[in-house]
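Position in the sequence shown (first residue = 1) + 253 = this note's numbering.
C-beta: ideal position from N, C-alpha, C; glycine also.
This one's a predicted model, so the numbers in the text were calculated from it and none came from an experiment.
Read the structure below first, then the notes.
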Amino acid sequence: MLLACFVPAAMAQSDMPDTTLVAQAARSFNVPPQSLADGLTQFGQQSGLQVSVNAALLERRTTPGVSGVMTPMEALQRLLAGTGLAGSVSATGIVTLMPEQASGTGLPGNALNLPPVMVSAQLGQNLPPVFAGGQVARGASLGLLGDKDYMETPFSIASYTAKTVRDQQARSVAEVLTNNDASVRAAIGIGNRYDAMTIRGFRVDNGDIAINGLYGLVPDFRVNPAPAERIELLKGPAAFLNGMAPQGGVGGNVNIVTKRAEDDPLTRVAVDYFSNTTFGALADVSRRFGDNKEYGIRVNGTFTDGDTPIDRQWVRNGSLSLGFDYRGEKLRVSADVIYQNDYMSGSARGYTPIAGIQVPAAPNQRINLAQYYDYAHQQSTTTIVRAEYDISPNTVVYGAFGANFFNFDKREAPGATILSFAGAASSTSTYQTGQTSNLTGEAGLRTKFDTGPIRHEVAVSASLLSQRFWLGQTNNNAYLTNIYAPTLGVGLTQTAYTPFSLASTNLMSSIALADTLSALDGKVQLIVGARNQQVESSSYAPTGATTFRFIDSALTPSVALLVRPIKELTLYGSYIQGLSPSFAPPPGVANPGQVFPPFRTTQYEVGAKLDFGTFGATLAAFQINQPNGIVDPLTNMYGINGEQRNRGLELSVFGQLWNELRVLGGVALLDARLTQTAGGQYNGNVAVGAPAVQANLGLEWDMPFAPGLTGIARGLFTSNAYVSSDNTQQVPAWATLDLGLRYRTVLAKTPVVLRAT
């Protein structure tokens, strides 16, 4: 359960285009009774109109809410009923609120004499507006190309809002994506300290998550979503748009957009409880200063402590983020400092069966194989600075710099090996301490110009990422246990020791150029471009000797076509690549030390997108071919000659089906095959960890007979998946169902939200 108290001043937010057509078109509204400030924020999101109002007029006022299909002006009249305020809409679609001129409205005597200073509330940054229902945004960042509306994007994207994070009480970025997108699965849960994801059937580690477009700035174990205003997902490889991901993930690109101070003061506090006895608290505070509110500051803090539902396991997690921004006429500057500290006692990892046995049934989820001395601890500190300057109305230059310092220490089993169908297993306890130092930056320019009937949007970018990793390790004795009845109290005997030392360095740089050519008022768009990626990687022995060194570059092109035959429909096709760093050949091969260029993954995608105002959908078909290294059994030569091919069909839906019902989910069908394996042994087999069917469906129903009360249901289904390349071992299908309630009310003129799941 989570209790949230909102103590804002006036809030009025524009989240949709400002046009008189929007003001005249009937649409679905669902604004529950609450403070007038919050009600106007939701009205702006659902109507597409910008609301301007003197902040003092909204103090201590509440709204009865509005529900039904009507024009925005009709909805506004109902929203303002009994408040003593009236609204009018300008020719540009901006709604202005003023006191009613009639007497007897209940307003203070001096209310009619307030100065006509209008406040237009925004998020403090130029983000794509929120889609109907408030769960997703209309667009996301495409890296080199900047922010794009989903209907103007020839790729499959999703962008989840901070409201979705709060309403789902999500504890990690991976949890947000798994909850809502059928193409994503992750080993999430309170009992797991590591959130590795699979997207479109390929593994994507936390190290491949970006913050504000920069890689290398998040902790490796778990990424707290509290600082996020948006969590953006671009499915498939995207080296052209974002550069090569540090750990080589090609299934998708995840970007976190940090929060900024809103125009109106915000003070939000919350407490929560999670079984068994895990308690937490959250605070989110923002203010803006200056004559034109050009300076903003936002602070987020979270803390969680207590026992988890897993046997002999407890957690203590904390985070603190500080965001600052300046909004000038031409110059925009922002800065973030994000600190995260997570500790888990009794940290658990997954299981791996040996070859030749039937995979046993899953044990009770409360069972923990960890020993009493096992734990995992991570600390991460991130700093980001970004600036943008408008050289002209059509040209902007930008630059950004980021740094992350990540430390961890842990003693845990890296994952038990299952030895029999009866659950017998072998495990060990390994102590590791590590440190990562990352420095990253980018600079670029975007400009627009015309050549005859063709509109050009040209983007140029350069990026740099430097990573240094230190590691120390102690290996201890192996022991026998059982996944159904763990062996506890095993003593430790050291078997191997590696001193703390520099283990690897990585330097990645790139330059990119893109041109978006559009004609017929944007109904036809062609994107062409390329990125030149350079990589320099080294590995070191504890003595300091270099064991592997790799220097190479790759040119990764992309082309995409988008057509909008009608306003509500987009058709698109795209070709794009992903790059993954090369690795040293394994021991014992005939060509040790040979250096290979970055792995080049290719994706072809076609799709269609719908926008009906309150309901949207994306249908995408794709094929991804990823090469990998294999050893030729005849020559014993290692080479990049293997390949996995993933073909899929995805459907995503979002928005409001009708007045009180919101939907978010989709279906992902995947055919992942091993097309080139060593000696052809497994050619044609299904790839490991790639279920054929994944489905998500989330529904929210605002109960008309109980104003402010919302029923929540979310179901996930994942079909069976193979865990061995020979396809003799598999795990069965699984499904989850989450049910919950959310209640919005006003207590002592303070908006309050109660959530239970």
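Burial state of residue i (16 or more Cβ within 10 Å)
{"i": "residue 771", "result": "buried"}
{"i": "residue 524", "result": "exposed"}
{"i": "residue 703", "result": "exposed"}
{"i": "residue 487", "result": "buried"}
{"i": "residue 591", "result": "buried"}
{"i": "residue 796", "result": "exposed"}
{"i": "residue 819", "result": "exposed"}
{"i": "residue 709", "result": "exposed"}
{"i": "residue 597", "result": "buried"}
{"i": "residue 886", "result": "exposed"}
{"i": "residue 403", "result": "buried"}
{"i": "residue 957", "result": "exposed"}
{"i": "residue 543", "result": "exposed"}
Residue span of the beta strand (DSSP E) that contains residue i, given as start and end
{"i": "residue 761", "result": "747–772"}
{"i": "residue 659", "result": "648–665"}
{"i": "residue 560", "result": "548–560"}
{"i": "residue 880", "result": "868–884"}
{"i": "residue 460", "result": "Segment: none, residue 460 is in no beta strand (DSSP E) and carries neither H nor E."}
{"i": "residue 810", "result": "799–819"}
{"i": "residue 678", "result": "677–704"}
{"i": "residue 511", "result": "505–511"}
{"i": "residue 306", "result": "No beta strand (DSSP E) contains residue 306, which DSSP labels as neither H nor E."}
{"i": "residue 999", "result": "987–1000"}
{"i": "residue 1006", "result": "1003–1009"}
Nearest candidate by alpha-carbon position, reference residue i, set the options
{"i": "residue 945", "options": "932, 816, 425, 921", "result": "921"}
{"i": "residue 625", "options": "599, 604, 644, 614", "result": "599"}
{"i": "residue 755", "options": "794, 762, 786", "result": "794"}
{"i": "residue 407", "options": "871, 891, 884, 877", "result": "871"}
{"i": "residue 552", "options": "531, 703, 575", "result": "575"}
{"i": "residue 719", "options": "672, 758, 893", "result": "758"}
{"i": "residue 530", "options": "514, 562, 504", "result": "562"}
{"i": "residue 643", "options": "616, 684, 672, 586", "result": "586"}
{"i": "residue 816", "options": "828, 775, 858, 765", "result": "775"}
{"i": "residue 675", "options": "705, 619, 725, 737", "result": "737"}
{"i": "residue 783", "options": "496, 964, 660", "result": "496"}
{"i": "residue 803", "options": "825, 821, 833", "result": "833"}
{"i": "residue 852", "options": "866, 894, 826", "result": "894"}
Rounded C-alpha distance that separates residue i from residue j
{"i": "residue 687", "j": "residue 665", "result": "14 angstroms"}
{"i": "residue 780", "j": "residue 336", "result": "50 angstroms"}
{"i": "residue 417", "j": "residue 1007", "result": "15 angstroms"}
{"i": "residue 831", "j": "residue 332", "result": "49 angstroms"}
{"i": "residue 484", "j": "residue 889", "result": "45 angstroms"}
{"i": "residue 947", "j": "residue 836", "result": "32 angstroms"}
{"i": "residue 854", "j": "residue 410", "result": "19 angstroms"}
{"i": "residue 637", "j": "residue 673", "result": "50 angstroms"}
{"i": "residue 809", "j": "residue 713", "result": "15 angstroms"}
{"i": "residue 583", "j": "residue 943", "result": "48 angstroms"}
{"i": "residue 875", "j": "residue 941", "result": "19 angstroms"}
{"i": "residue 446", "j": "residue 570", "result": "11 angstroms"}
{"i": "residue 588", "j": "residue 640", "result": "9 angstroms"}
{"i": "residue 620", "j": "residue 469", "result": "34 angstroms"}
{"i": "residue 838", "j": "residue 546", "result": "57 angstroms"}
Cβ-based neighbour list, residue i, same chain, cut-off 8 angstroms, excluding 5 preceding and 5 following
{"i": "residue 341", "result": "348, 349, 351"}
{"i": "residue 448", "result": "425, 426, 427, 428, 439, 440, 441, 459, 474, 475, 476"}
{"i": "residue 235", "result": "The displayed coordinates of the chain run from 254 to 1010. Any statement about residue 235 would go beyond what the structure contains."}
Residues near residue i in its chain [Cβ-Cβ closer than 6 angstroms; skip 5 each side]
{"i": "residue 928", "result": "896, 898"}
{"i": "residue 717", "result": "694, 762"}
{"i": "residue 997", "result": "285, 287, 961, 1006"}
{"i": "residue 787", "result": "762, 806"}
{"i": "residue 393", "result": "410, 412, 485"}
{"i": "residue 401", "result": "392, 395"}
{"i": "residue 329", "result": "340"}
{"i": "residue 645", "result": "none"}
Close beta carbons around residue i, own chain, < 7 angstroms, minus the five adjacent residues each side
{"i": "residue 723", "result": "687, 688, 753, 754, 755, 756"}
{"i": "residue 843", "result": "888, 889, 890"}
{"i": "residue 902", "result": "874, 922"}
{"i": "residue 541", "result": "514, 516, 548, 549"}
Span of the alpha helix (DSSP H), counted from its first residue to its last, around residue i
{"i": "residue 325", "result": "325–332"}
{"i": "residue 958", "result": "Careful: residue 958 lies outside any alpha helix (DSSP H) and carries neither H nor E."}
{"i": "residue 420", "result": "415–420"}
{"i": "residue 669", "result": "Here residue 669 belongs to no alpha helix (DSSP H); instead the beta strand (DSSP E) covers 669–671."}
{"i": "residue 714", "result": "Unbroken run through residue 714 is the beta strand (DSSP E), 707–735; no alpha helix (DSSP H)."}
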